[in-house]
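Chains as they are written, first to last, in the UniProt record's numbering: chain A, 1 to 277; chain B, 1 to 360.
In what follows, a single structure is set out as structure tokens and then discussed.
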Amino acid sequence: MKKSQDAGRDKRREKKRAEKLGIPLPDKGPKQVPHTLESLREKDVTMVEEDDEELYQEEATDAYASYFTKAYEPKVLLTCSDNPHKKTRSFILELCKMIPGSKPVWRKKTSVKSVVKQAAEHGYTDVLIVNEDRRVPNAMLVVHLPEGPTALFRISNPKICKEINRDYKDISFHRPEVILNNFKTRLGRFIARMLGALFHYDPEFKGRRVCTFHNQRDYIFFRHHRYAFKDTEKVRLHEVGPRFTLILQWLQEGAFEGDFEWKMKSEMRTSRRRFFL
Amino acid sequence: MQCDDVVWGILSKRFCSYMLKTKTQTFCRNEYNLTGLCNRKSCPLANSQYATVREETGIIYLYIRTAERVYFPIRQWEKVKLSRNFVKALQQIDENLVFWPKYYRQKCRQRLLKITQYLTRMRKLKLRGQKKIIPLQKRNEVRTRRKEEKALIAARLDNAIEKQLLQRLKDGTYERIYNFPTEAFDVNVDEESEEESEFEEEPEEERGEEVETDEDVEAQLEREVVAEEQREMDSSDDDSDAEHEFVGDFEESDEDDIDLEDAANAVNNGEDANLDSDDGENDASNSRMMDDDEYDIENIANKSGVLDDSDDGDDEDEAPKLLRAKKKKAVAKVIKKRGKAKLEVEYEAEETLPKVKITS
Chain A
1 MKKSQDAGRD KRREKKRAEK LGIPLPDKGP KQVPHTLESL REKDVTMVEE
51 DDEELYQEEA TDAYASYFTK AYEPKVLLTC SDNPHKKTRS FILELCKMIP
101 GSKPVWRKKT SVKSVVKQAA EHGYTDVLIV NEDRRVPNAM LVVHLPEGPT
151 ALFRISNPKI CKEINRDYKD ISFHRPEVIL NNFKTRLGRF IARMLGALFH
201 YDPEFKGRRV CTFHNQRDYI FFRHHRYAFK DTEKVRLHEV GPRFTLILQW
251 LQEGAFEGDF EWKMKSEMRT SRRRFFL
Chain B
1 MQCDDVVWGI LSKRFCSYML KTKTQTFCRN EYNLTGLCNR KSCPLANSQY
51 ATVREETGII YLYIRTAERV YFPIRQWEKV KLSRNFVKAL QQIDENLVFW
101 PKYYRQKCRQ RLLKITQYLT RMRKLKLRGQ KKIIPLQKRN EVRTRRKEEK
151 ALIAARLDNA IEKQLLQRLK DGTYERIYNF PTEAFDVNVD EESEEESEFE
201 EEPEEERGEE VETDEDVEAQ LEREVVAEEQ REMDSSDDDS DAEHEFVGDF
251 EESDEDDIDL EDAANAVNNG EDANLDSDDG ENDASNSRMM DDDEYDIENI
301 ANKSGVLDDS DDGDDEDEAP KLLRAKKKKA VAKVIKKRGK AKLEVEYEAE
351 ETLPKVKITS
């Protein structure tokens, strides 16, 4: 830290001197772009390019293909673990408000498998089970229903509306837009589609709501805003609604059964520059 | 039988390896003990006629010992398997201990009840699916938390979201809703004539565009997944966007347009020549602006109907600001076409305008 302080100080001194004497600053070459973890990220074999034919073909046949062809409207069932506390309850209610076509159900000690089965019978397309630990939501299980994939995310820093000083009633019933940022690898893309498929495919733009899932270094930040365009160069964002971070733990084929497509292991985190999403 | 008292005397007063003394009670750790306490009556070593109920791997047995068998330690305990039906098991106990002291029958029954209760509880717990308790490593937790903070800073979420939204605006997903002229403030005097001709072409093009909007949205949904943080805006994009400037319906809303017109005229007295030719288009563009404003206000009105009155502060602030911004745009556009940049004056004039009516 001291080194950079000194460097900064020297720089400023040079600049001042140059100004005083009217001498142009010596040219130190082109401006150096600082290294960041993003720029130094280890190249992953599964990183996805934009226009990949193979990718589009695969996506046309995977579990979420039917969502993107607008074959169905997503219907989401939201539950939590047994006997939720206040914060988890509020969290779930806010998620319900946010996700159109969702319904909260309080689970009374039924096993996950039976929840999944019953939801499938009632025609739900997705199940979201929020797990609670120490009075705070700490994990989210996303199950896509007609035999779809399951993903377990750990939730960190969950903030309900009240904690960001917003009223949950501000969440209108308009269908929100979804932004899925920065999902680079195949796995990342799959997860992004999974999360996006929870929301209705047809957003109501006049509602001006946007839900963002932004991936940065394997942490998926979720934010919910209302936006207003001032002009074509400026948007104003007004944050509303819950805020949390998701960390993918595992991804499983099949609705809470089947092989694990991907599992987070501590051995995977050996390199500081290696990310999976 | 005779040695029972002797045995008890030795065990209680001297030493018993099964005895466990605590401050309030003495316990007996002998597995055949009926009550678990160290008493004259419950001690299995000091009573040659003894009975207990014990469970082994979920099956409940009645153990009986008589005075004759005490001297054969291997053969001393008689094991009777009790029925799984609780009532029948009670009966079995009573049958087997028919002429025994009441104490043993009583205690055996009580013990049977307790055992069945805890077995059913164990079964229920197993069926319910016990929560798996996973130990966390504090080191990893701290590390992930720190990394998350850093990732959050690196993410610069607001910027990223704003960029995405602006990109979508430019790509035309919000076509019918917003009506920003993308080059509002970049128009020069030279390009004036170009713009005028473009405006005349608008109506036909616009119809064509509207049909495509849904598909645009669909395509946008596909593309949004791989959104990148930086996209270059090509000049070609700007040009295509310029085509999206709507002239729109030629219905004129009554008072407002006239006032705007007057204001515009008041400013640009000098250019009488241009006035007439530009009138129609200005009216049209103005009216379109007005329509949009009204449309937007309707939405805001609807929205505030949905929301609670108490917390409308932000929205209400937003709404009039939006309107004002749009109005400024409308007026500014008028000026620009005349080739004069008298923005400040326009704003002053604008403030005297009546508020836009909210149509029901």
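For every residue, glycine included, the Cβ atom is placed at its ideal position computed from N, Cα and C.
Around the Cβ of Ala154 of chain B, a 10 Å sphere holds fewer than 16 other Cβ atoms; the residue is exposed. Any Cβ of chain A closer than 8 Å to the Cβ of Lys126 of chain B would place that residue at the interface, and such an atom is absent. Under the 10 Å beta carbon count, Arg189 of chain A is surrounded by 16 or more other beta carbons and is classified as buried. Along the UniProt domain "Ribosomal eL28/Mak16" (6-118) of chain B, the beta strand (DSSP E) occurs as fully enclosed runs of 3 or more residues at 19-21, 26-28, 50-56, 59-65, 78-81, listed in sequence order. Counting along the chain, no beta strand (DSSP E) covers Ile161 of chain B; the unbroken alpha helix (DSSP H) around it starts and ends at 157-171.
Note that the C-beta distance between Ile161 of chain B and Val210 of chain A is below 8 Å. Of the residues A:Ile164, A:Cys161, A:Val127, A:Tyr168, the one whose Cα lies closest to the Cα of Leu152 of chain A is A:Val127.
Flagged as an interface residue toward chain B: Lys109 of chain A, by a C-beta distance shorter than 8 Å.
DSSP places Thr110 of chain A in no alpha helix (DSSP H); its state is neither H nor E. Only buried fits Leu112 of chain B, as 16 or more other CB atoms lie within 10 angstroms of its CB. The beta carbon of Ala192 of chain A is closer than 8 Å to those of Leu180, Phe183, Phe213, Asn215 in its chain, skipping five residues each way along the sequence. Going by DSSP, Ser90 of chain A is part of the alpha helix (DSSP H) stretching over 86-98.
Cβ atoms of Phe256 of chain A and Val105 of chain A stay farther apart than 8 Å, at about 16 Å.
Closer than 8 Å to the CB of Asp94 of chain B there is not a single CB belonging to chain A. Against chain A, the beta carbon of Gly129 of chain B has neighbours under 7 Å at Ser111, listed in chain order. In this model, Val53 of chain B and Asp82 of chain A are separated by some 36 Å (Cα to Cα). No Cβ of chain A is located within less than 8 Å of the beta carbon of Gln167 of chain B. Asp218 of chain A and Met268 of chain A have their alpha carbons spaced roughly 12 Å apart. Within the segment 142-165 of chain A, those residues whose Cβ lies closer than 8 Å to any Cβ of chain B are, in chain order, Ser156, Asn157. The CB of Leu157 of chain B comes closer than 8 Å to the CB of Thr212, His214, Phe221, Arg223 in chain A, given here in chain order. By alpha-carbon distance to Thr88 of chain A, the top candidate from A:Pro176, A:Asn131, A:Leu277, A:Trp250 is A:Asn131.
If you look at Leu187 of chain A, you'll find it isn't in any beta strand (DSSP E); it sits in the alpha helix (DSSP H) that goes 186-196. When C-alpha distances from Val76 of chain A are compared across A:Asp6, A:Ser102, A:Phe222, the shortest belongs to A:Ser102.
Judged by beta-carbon spacing, Tyr67 of chain A lies within the 8 Å limit of Pro74 of chain A, meaning their Cβ atoms are closer than that value. Here the alpha carbon of Thr185 of chain A sits roughly 23 Å from the alpha carbon of Gly258 of chain A. DSSP, reduced to helix, strand and coil, places Tyr174 of chain B outside both helices and strands of the structure shown, so it counts as coil.
With the rule of 3 Cβ pairs closer than 8 Å, the segment 16-28 of chain A does not count as touching the segment 153-167 of chain A. With contact defined as three or more Cβ pairs closer than 8 Å, the segment 20-38 of chain B and the segment 102-111 of chain B are in contact. With respect to chain A, the C-beta atom of Lys138 of chain B has no partner C-beta closer than 8 Å. In the DSSP annotation of this structure, the continuous segment of the alpha helix (DSSP H) that includes Phe68 of chain A starts and ends at 65-68. Taken through DSSP and simplified to helix, strand or coil, Asp133 of chain A comes out as strand. Residue nearest to Ser90 of chain A within the set A:Asp167, A:Ala228, A:Arg9, A:Leu277 is A:Asp167 (criterion: CA-CA distance). Here Tyr219 of chain A carries a strand assignment [DSSP, helix/strand/coil]. For Val235 of chain A, at least one C-beta of chain B is nearer than 8 Å to its own C-beta. Ile161 of chain B has a beta carbon lying within less than 8 Å of a beta carbon in chain A. For the segment 24-55 of chain A, the set of positions with a beta-carbon nearer than 8 Å to some beta-carbon of chain B reads Thr36, Leu37, Glu38, Val48, Glu50 in chain order.
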